[in-house]
Amino acid sequence: MFHGSIVALITPMRENGDVDYVCLRKLVDWHIAQRTDAIVVIGTTGEASTLNIEEQNNVIKTVVEQAHRRLPVIASTGTQSTHKTIEQTKVAMEIGVDACLLVTPYYNLPTQEGLYQHYRLIADKVPIPQILYNIPKRTGCDLLPETVAKLAGIANIVGIKEGQPERVKNILELCGKNIDVYSGDDNTALEIMRLGGKGVISVAANLVPQYMHNLYELSKKEDWEAADQIDQQLRPLYQGLFIETNPIPVKWLAAERGLISSSALRLPLTTLSAGCQASLKHIIDLLGALS
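For reference, each letter of the sequence shown is one residue, going -8 to 282 in the numbering used here.
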C-alpha cells in the first residue's frame, strides 16, 4: 500500500524551540520535488515525545494540508496506553492522514498476548491503515514474528517497521503477502529490500531523498549492482546520523545544508556536541557532492 522511501520527517524548530511551520511546509514541498514516496510525521525523528498534543496535531495538519494528496502522509500515533493510542489515531484519521504508525507500548513491558490485544483493539476501533513499529532498544518491548503473523490477518493492519533482517525474514516466512515490511534502519534498508521488504522509513531521506527513492526503485527492478553502489555511497551518512542520539545529528546536518533555519531541539535533547560536529565535517562534504 505504501512503498518506497518513506521519510521520517524532522520537525523544524526556531532557536527558541517553537515549531517552525513555515519551514515545515517548505520541507514537504521539497520532498515532493525530490520524489520522496511518503512522509511519516511526529515520529522519533520528529521529536513527538517533546511536542504537546496541540503541537502534534498542528504538525499533522500542516503536513496534510501542504502535501494536498500529492504523496501519502503517515502519522506516528502510538503511545504507551491503548486507549490514548486509539484517541490519537482517531484524531489523525479525522485530520486526513493516509495511515498511522503504531510503536509498541513502551515502558509497560506487555506480554505477547497484551501486544496482540493492544493492536487488535486499535485496528477495530479506528478504520484506517495501520503500520506496526517494533524498536525494542527504545521501548523495552519486542513484538515477535508469531504475534505479527496473528495481527497480519486483520484487514487494516497493513505493514510493520522492523530493522532486523533476520526478524524480517521470519516475518515474511510467517506472513507471506499479508503484511508489508519496511526497514526501520537505513543501514539495513537494502538488505531488507533484498528479502522482500517494500521500502524504508528513513532518517537519511531527510538529507538525500532522491537517493533513497532511487535505492528503492532499483531494488524493485532487482538491479542489485546499481542499488549497492548507492548504498555504499551513503554508508558514511548512515553511520554519521547516529553518532549521537537521533534526531540530533540529522537536524544539525539539515541546518548546515540550509534545509532548516536552526538545529534547535527541545530538552532533554541538546544540540550536536562540538566534537561530533568536527567528526561530521566529511558528511557535509559528501552531501555537497551528492546534491
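From the three backbone atoms N, C-alpha and C, an ideal C-beta is built for every residue, glycine too.
Return the bridge partner residues of residue 123 from the DSSP annotation.
-> Residue 123 is bridged by DSSP to 93, 151.
Proximal residues to residue 133 (C-beta, below 6 Å), its chain only, five neighbours per side dropped = In its chain, beyond the 5 residues on either side, 127 have a beta carbon closer than 6 Å to the beta carbon of residue 133.
Through-space distance from residue 248 to residue 281, alpha-carbon basis = Rounded to whole angstroms, residue 281 to residue 248 spans 12 Å at the Cα level.
Go to residue 171, then tell me how far its beta strand (DSSP E) extends in each direction, as first and last residue.
-> Counting along the chain, residue 171 sits inside the beta strand (DSSP E) bounded by residues 171 to 174.
Three-state secondary structure (DSSP) of residue -5 = Reduced to three states, the DSSP call for residue -5 is strand.
Cβ-based burial, residue 174 [other Cβ within 10 Å; buried from 16] | Taking every protein chain shown into account, the CB of residue 174 has 16 or more other CB atoms within 10 angstroms, so this residue is buried.
Along the chain, which unbroken stretches of the alpha helix (DSSP H) at least 4 residues long are found entirely within the segment 187 to 268?
-> Counting whole runs of 4 or more residues, the segment 187 to 268 contains the alpha helix (DSSP H) stretches 200 to 211, 215 to 231, 239 to 247.
Could you tell me the boundaries of the beta strand (DSSP E) in which residue 65 lies?
-> 64 to 67 is the span of the beta strand (DSSP E), which, as asked, contains residue 65.
Secondary structure of residue 146, DSSP reduced to three states | Here residue 146 sits in coil by DSSP.
Identify the continuous beta strand (DSSP E) that holds residue 32 and give its terminal residues.
-> 29 to 32 is the extent of the beta strand (DSSP E) around residue 32.
Are residue 20 and residue 62 closer than 8 Å when you measure CB to CB?
-> No, Cβ-Cβ distance for residue 20 and residue 62 is not below 8 Å.
Would you call residue 146 buried or exposed, if buried means 16 or more other Cβ atoms sit within 10 Å of its Cβ?
-> Exposed, since its Cβ has fewer than 16 Cβ neighbours within 10 Å.
Straight-line Cα distance separating residue 184 from residue 163 = The straight-line gap separating the alpha-carbon atoms of residue 163 and residue 184 is approximately 12 Å.
Do residue -4 and residue 190 have their C-beta atoms within less than 8 Å of each other?
-> Here residue -4 is near residue 190, since their CB atoms are less than 8 Å apart.
So what does DSSP say about residue 88, is it helix, strand or coil?
-> In the structure shown, residue 88 sits in coil (DSSP, three-state: anything other than H, G, I, E or B).
Could you check the C-alpha separation between residue 154 and residue 160 for me, to the nearest Å?
-> Going by the C-alpha atoms only, they are around 11 Å apart.
Three-state class that DSSP yields for residue 10 in the structure shown | In the three-state DSSP reduction, residue 10 falls in the strand class (E or B).
Close beta carbons around residue 234, own chain, < 7 Å, minus the five adjacent residues each side | The beta carbon of residue 234 is closer than 7 Å to those of 240, 267, 270, 271 in its chain, skipping five residues each way along the sequence.
When the distance is taken between beta carbons, is residue 119 closer than 8 Å to residue 148?
-> In this structure, residue 119 does not lie closer than 8 Å to residue 148 by Cβ.
Work out the CA separation of residue 273 and residue 172 for me, nearest whole Å.
-> Each residue's alpha carbon lies about 32 Å from the other.
Separation of residue 10 from residue 45, as counted between CA atoms | Annotation: residue 45 to residue 10 spans about 11 Å, alpha carbon to alpha carbon.
Which listed residue (186, 192, 218, 244) has its alpha carbon closest to that of residue 277 = Here the closest residue by C-alpha is 244.
Rounded separation between residue 211 and residue -6 - CA only | For the pair residue 211 and residue -6, the Cα-to-Cα distance works out to about 10 Å.
Would you call residue 259 buried or exposed, if buried means 16 or more other Cβ atoms sit within 10 Å of its Cβ?
-> Around the CB of residue 259, fewer than 16 other CB atoms lie within 10 Å, so the residue is classed as exposed.
Whether residue 103 touches residue 135 by CB criterion (8 Å) = Result yes, Cβ atoms of residue 103 and residue 135 sit closer than 8 Å.
What's the gap between the Cα of residue 78 and the Cα of residue 264?
-> Between the C-alpha atoms of residue 78 and residue 264 there is a straight-line separation of about 38 Å.
Nearest neighbour of residue 197, chosen from 25, 81, 97 [CA to CA] = Distances from the CA of residue 197 to each of 25, 81, 97 were compared; the closest alpha carbon is that of 25.
Anticipated Cβ contact below 8 Å, residue 178 with residue 229, distance rounded = Distance from residue 178 to residue 229 at the Cβ level is roughly 5 Å; contact confirmed, criterion being Cβ atoms closer than 8 Å.
The alpha helix (DSSP H) spanning residue 115 covers which residue range?
-> For residue 115, the enclosing alpha helix (DSSP H) starts and ends at 103 to 116.
Would you report the Cα separation of residue 192 and residue 39, rounded to the nearest angstrom?
-> Between the alpha carbons of residue 192 and residue 39 lies a gap of roughly 16 Å.
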